[in-house]
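Reading through the structure tokens given below for one structure.
Chains as they are written, first to last, in my numbering: chain A, 1 to 433; chain B, 1 to 433.
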């Protein structure tokens with residue numbers, strides 16, 4: 001009881017500061033430890049208070065160390081609208097603009113169990129691992145990529161790394177001879193940055209590039225998928241013109257529900273494509289395990305250099321993930337996430353139609369992670385999102401050049417139970433113009 | 001009992017293959033899983049058998065996935081002597097040539113406990129972390145570096161990464177304007193490789209370089225340390241000539257027992273030195289956590305780009321390490337390792353004198369990780385090490401241009417209890433010329 005009082009005090013203290021605007025968006029709260037010391041309470045008490053503030057949307061740990069007064073998802077967007085935000089302090093109740101993982105979608109207990117048992121491999125943990133990644137894990141990943149993404153590969157072609165960037169740091173020096181890379185999505189700054197670091201020219205023009213960096217499963221943020229014909233054409237075009245394809249298959253697990261589309265790597269027999277995959281979206285963003293599949297030619301040049309590059313993923317995580325996949329948890333995890341996101345996407349769609357009737361037109365998406373729609377009301381997309389934001393709802397602006405506002409909902413961070421409430425708020429926004 | 005029989009069968013099976021030379025050095029054993037399937041026994045049974053083969057020096061998991069018939073430590077050396085090795089199959093009993101961590105030196109149970117509790121921070125693990133590294137951990141590391149290495153820094157200057165190379169991948173683009181880097185130890189290929197990848201010229205000449213990459217705590221492999229005066233001169237030289245120092249303080253925790261030597265970073269006020277530190281040698285090589293301390297100027301340019309680089313260390317490990325340091329386990333871990341290695345180094349020294357008397361001259365080292373000595377027998381260092389190796393003992397050749405063989409023992413992987421036996425074998429090597 002005492003503890004409850006204590007954390008409620010802390011909760012109210014910050015709630016007031018934030019609501020009164022004394023703590024503007026983006027302000028960092030003191031670290032749990034410092035706060036505990038200052039108030040002379042236990043870290044748990046502070047943690048509980050912060051958790052409540054999180055749940056009620058006042059603060060977010062997202063993309064930050066410690067906790068921050070809830071901010072507006074992706075940086076660029078934030079900068080654009082910072083100025084008008086300054087004198088407009090509303091805490092975000094429901095954030096449909098930033099990605100992450102739904103708390104319900106990941107069974108932490110299972111993962112915990114595997115990490116614990118991995119920690120028992122004392123003998124194995126005493127030595128540096130294979131720079132390429134643990135053999136057993138590479139076997140499992142190769143099998144997984146063959147079965148779910150029809151990739152053409154063996155464990156020999158797999159390189160494991162702590163995130164796609166780490167893998168690009170190994171790949172770029174291997175393909176130095178190629179000078180120019182075309183990014184289908186130039187706004188993917190964390191990708192372009194690495195290539196620029198190595199002195200590559202980065203552009204958006206496939207014709208004049210030696211490398212084509214593409215995300216066919218994700219060609220737009222709300223899940224438009226590159227069709228099969230287009231894929232054939234691309235691999236054909238690349239082969240005929242001696243261009244290397246880098247297929248960043250990020251998010252593929254949440255595509256192709258009814259009609260699976262083969263990976264580019266599979267389509268060209270794995271000879272001319274480097275395939276990049278990650279487990280961060282499937283498991284936890286905070287688990288940093290990605291992999292790349294190299295064509296045999298690049299595999300050979302990599303082997304000559306592999307001892308120069310240390311493995312970046314801790315062996316514990318590798319051992320854990322290996323057994324986790326082997327025992328079928330990855331697949332059931334994928335099924336579970338798909339189910340959850342599909343439900344949420346259906347619920348939200350129904351709610352929108354139920355509340356807005358003819359005023360809303362729900363647009364097709366290939367991803368259960370997003371719901372896209374057009375509101376047939378007389379204002380620009382910007383105004384619409386600004387008003388929604390002023391009422392505590394963050395939305396993605398999908399298209400600004402339309403007569404009617406077109407927006408998208410990212411379903412990752414808002415829980416099923418909060419969808420109804422958020423739509424009701426949105427209804428008021430529209431009603432009150 | 002049944003199990004014991006089973007694993008002894010597997011043990012003997014491979015022991016014979018290896019001793020008979022049917023499985024030459026470097027041959028990979030089937031993965032535990034495959035072996036278990038083939039023989040239709042439990043993975044644990046196979047694991048136990050492999051463990052015994054490890055303990056008896058027949059196989060090693062070192063630097064490899066799975067298990068390999070014990071090989072000869074570092075690659076370069078291996079290549080040099082591969083040819084004469086081919087028709088000379090002896091399994092290595094005691095490997096004094098390759099580094100790692102002594103099984104006794106690390107208390108896995110404590111670390112396990114911290115990882116387990118880190119895995120309970122569900123809310124925190126659902127989001128991507130700070131690209132720079134978790135705030136709390138950076139605070140602890142900054143304090144640790146200030147207290148143990150008199151570094152001048154705050155958490156703001158700390159960048160965390162999965163290994164030194166990952167940090168160099170962030171650093172190199174920040175110092176692109178500098179074109180040439182001097183490595184005091186050009187044989188550190190994993191360092192030079194990264195700089196070459198970014199198009200830096202790498203040489204061994206401080207005069208003509210813009211960057212000086214040095215390991216003052218480790219200026220030779222067996223622990224020669226750069227003296228204070230030399231450090232002052234170096235920082236002075238660097239500042240006057242506008243050269244940036246990169247201080248790779250790898251292994252510093254095992255130096256300076258009686259007379260601590262300040263870090264270069266501390267000596268120059270942290271303005272002109274990038275400090276690199278790692279926890280792999282302190283904890284486990286398989287835990288990949290390193291950090292760099294940037295001068296304020298570079299900290300500022302890093303901040304402008306930090307959102308372009310994802311953090312590579314899993315948040316679980318960061319949370320665990322943070323509490324681990326905070327609760328004082330890192331310091332006691334260091335004390336414990338020092339004690340263990342000092343004991344081993346003393347034991348080995350005594351054994352050498354006891355067994356070889358005037359024939360051996362133990363040379364001064366500043367590191368308890370190594371024992372260096374000269375044997376006053378009439379053969380070259382190469383021959384001496386080759387004979388030792390033929391009898392199952394791997395040694396480091398420290399100097400080939402001496403009348404008497406000069407060698408070093410790396411104490412990491414051979415347990416205290418095996419020291420006596422290894423010296424006895426060495427005695428026979430010398431006796432039988």
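Note that the Cβ used here is the ideal one computed from N, Cα and C, for glycine as well. In this text, all values refer to a predicted model and were calculated from it rather than measured experimentally.
Secondary structure within the stretch 380 to 430 of chain A: the beta strand (DSSP E) runs of 3 or more consecutive residues, fully enclosed, are 396 to 399 and 406 to 410 (chain order). CA-to-CA, the gap between residue 177 of chain A and residue 132 of chain B works out to about 31 angstroms. At a cut-off of 7 angstroms between beta carbons, residue 166 of chain B contacts chain A. When C-alpha distances from residue 68 of chain A are compared across A:245, A:250 and A:17, the shortest belongs to A:17. Counting only Cβ-Cβ distances below 7 angstroms, residue 314 of chain B has contacts in chain A at 286, 287, 288, 314 and 317, in chain order. Within chain B, the C-beta atoms nearer than 7 angstroms to that of residue 31 of chain A come from 135 and 136, in chain order. The shortest C-alpha to C-alpha distance from residue 426 of chain A to any of A:363, A:351 and A:399 is the one to A:351.
About 7 angstroms separates the CB atoms of residue 396 of chain B and residue 96 of chain B; that is less than 8 angstroms, so the two are in contact.
CA-CA distance, residue 401 of chain B to residue 94 of chain B, rounds to 25 angstroms.
Taken in chain order, the members of the stretch 112 to 144 of chain B whose beta-carbon sits within less than 9 angstroms of a beta-carbon on chain A are 112, 115, 116, 119, 120, 121, 122, 123, 124, 125, 126, 127, 128, 129, 130, 131, 132, 133, 134, 135, 136, 137, 138 and 139. Take the alpha-carbon of residue 128 of chain B and the one of residue 387 of chain B: they are about 54 angstroms apart. The Cβ-Cβ distance between residue 273 of chain B and residue 245 of chain B falls below 7 angstroms. Judged by DSSP secondary structure, residue 324 of chain A falls within the alpha helix (DSSP H) whose first and last residues are 315 to 326. The beta-carbon separation of residue 28 of chain B and residue 66 of chain B, rounded to 6 angstroms, stays under the 8 angstroms limit for a contact.
Using a Cβ distance threshold of 7 angstroms, residue 182 of chain A and residue 209 of chain A count as a contacting pair.
Taking the C-beta atoms as reference points, residue 168 of chain A is found no nearer than 7 angstroms to residue 290 of chain A.
Look at the stretch 301 to 313 of chain A: the residues with a C-beta under 8 angstroms from a C-beta of chain B are 305, 307, 308, 309, 310, 311, 312 and 313. In the three-state scheme derived from DSSP, where H, G and I count as helix and E and B as strand, residue 50 of chain A is classed as helix. Interface flag for residue 66 of chain A against chain B is set, since a Cβ pair is found closer than 7 angstroms. By a beta-carbon distance limit of 8 angstroms, residue 409 of chain A contacts residue 371 of chain A. Their separation comes to about 5 angstroms. The stretch 194 to 203 of chain A makes no contact with the stretch 312 to 324 of chain B: fewer than 3 CB pairs, one atom from each, lie closer than 8 angstroms. Taking C-beta atoms under 8 angstroms as the contact rule, residue 157 of chain B and residue 299 of chain B qualify, at a distance of about 5 angstroms. For chain B, the residues of the stretch 181 to 197 of chain A that bring a beta carbon within less than 7 angstroms of one of its beta carbons are 189, 190, 193 and 197, in chain order. Annotation: residue 147 of chain B to residue 138 of chain B spans about 14 angstroms, alpha carbon to alpha carbon. Spanning the alpha carbons of residue 342 of chain A and residue 412 of chain A requires a straight line of approximately 11 angstroms. In this structure, residue 276 of chain B keeps its C-beta atom at 7 angstroms or more from the C-beta atom of residue 92 of chain B.
Shown here for residue 159 of chain A: same chain residues with a beta carbon closer than 7 angstroms to its own, the five before and five after excluded, namely 132, 133, 167, 170, 291, 292, 294 and 302 in chain order. Cβ neighbours of residue 198 of chain A within its own chain (closer than 8 angstroms, five residues either side excluded): 172, 173 and 176. Under DSSP, the beta-bridge partners assigned to residue 273 of chain A are A:245. Looking at the backbone, the Cα of residue 34 of chain B and that of residue 154 of chain A are separated by about 16 angstroms. A contact between stretches requires three or more CB pairs, one per stretch, nearer than 8 angstroms, and the stretch 280 to 290 of chain B meets this requirement with the stretch 101 to 119 of chain B. DSSP places residue 228 of chain A inside the alpha helix (DSSP H), whose first and last residues are 228 to 240. In the DSSP assignment, residue 278 of chain B forms a beta bridge with B:290. In this structure residue 269 of chain B is exposed. Its beta-carbon is surrounded by fewer than 16 other beta-carbon atoms within 10 angstroms. The beta carbon of residue 193 of chain A is closer than 6 angstroms to none in its chain, skipping five residues each way along the sequence.
Contact with chain B is found for residue 51 of chain A, since one of that chain's Cβ atoms lies less than 7 angstroms from the residue's Cβ.
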